[in-house]
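The structure under discussion appears below in the form of structure tokens.
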Amino acid sequence: PCSFSPRKEKKVDNMKPKHPDEQEIPFRLRELIKSREAMKCPDPGKRRAAEKKQQPKSKGPKTQGDIPVPKFRRGKGESERSYVCRMEQEVQRVLFLTKNQLQREPEKEATAPEKSKRKKEFQNKKLEKARKKKEEKKEAMLEKSLFQDTVAFGEVVTQPPTITSRPRGRGPAEQAGRKRLLLTSRLGQSQTSPVSAAAPVSMARRRIVEEERARVIQAYRDIQRRKQQQREAARGSARAGRRVP
């Protein structure tokens, strides 16, 4: 019995051309020529399909009981008589449905909310929320900047800070008890002074206090001067280290 071996197909790629004098047009160039010819002479069937796609569709919601309006087009191979008969039958059917449909009251029908209106309201809410968030962020940054103290570079303080403001809700201590009340005037206590005068400070005590204050201020200045010298020495050593190769 003879065995049939499958026929080997010859490879077409990279073969020697049969006619060296004739050269085929490349595939891409042929496709380009075809597309240009198709643009010059378009197919009528494809043109109708494209026009059908471009026709805008009615976006209005159809209510229950609406009768669709028929669209007539003569079919391929349809005679004029059959085409007219078909149109008459369709018109009679639409008239019959129109006469026998239920009485409609559009003013009583519940109108559906418009999509564009809801979308606009949503966008307005979103913008209002973003605006409020931006204002809150701005207020927070302003409040934060009020509590920050800007210090210039290399600024040196020579003495401790002095308190210039008084505590809230309290007046000066000297005014306590000086108010003349109606009860005290009736009781006859207005002749006696309600507040005893402060004891006078001696000259020696005042001198000791002033010397102590001057000593503390001088010590604070010395500490600040030493810190400034240390910073300058550290900067000089860092610059010298950078210059050394």
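Under this note's numbering, the first residue of the sequence shown is numbered 947, with each subsequent residue one higher.
Where is the CB? At the ideal position from N, CA and C, for every residue including glycine.
Remember, predicted model here, so these are calculated numbers, not experimental data.
Taking 7 Å as the limit between beta carbons, can you name the residues of its chain near residue i, skipping five residues before and five after?
i: V1102; result: Q1170, Q1174
i: M1211; result: This structure cannot settle anything about residue 1211, because the visible part of the chain is limited to 947 through 1191.
i: T1096; result: none
Taking residue i as the reference, give the member of the options with the closest Cα.
i: P1016; options: Q969, K1080, V1037; result: V1037
i: P1014; options: R1032, F973, L1073, R1039; result: R1039
i: L1048; options: D1012, I1154, E977; result: D1012
Take residue i and list the residues in its own chain whose beta-carbon comes closer than 8 Å to its own, dropping the five residues that flank it on each side.
i: E970; result: none
i: L1043; result: I1013
For the alpha helix (DSSP H) holding residue i, just list the boundary residues, first then last.
i: R976; result: 973-986
i: Q1038; result: 1026-1046
Here's the rule: buried if 16 or more other CB atoms are within 10 angstroms of the residue's CB, otherwise exposed. What is residue i?
i: A1150; result: exposed
Which same chain residues, not among the five before or five after residue i, have their C-beta less than 6 Å away from its C-beta?
i: R1020; result: Y1029
i: I1163; result: Q1105
Does residue i come within less than 8 Å of chain C when only Cβ atoms are used?
i: M1149; result: No chain C appears in the structure shown, which is made up of a single protein chain.
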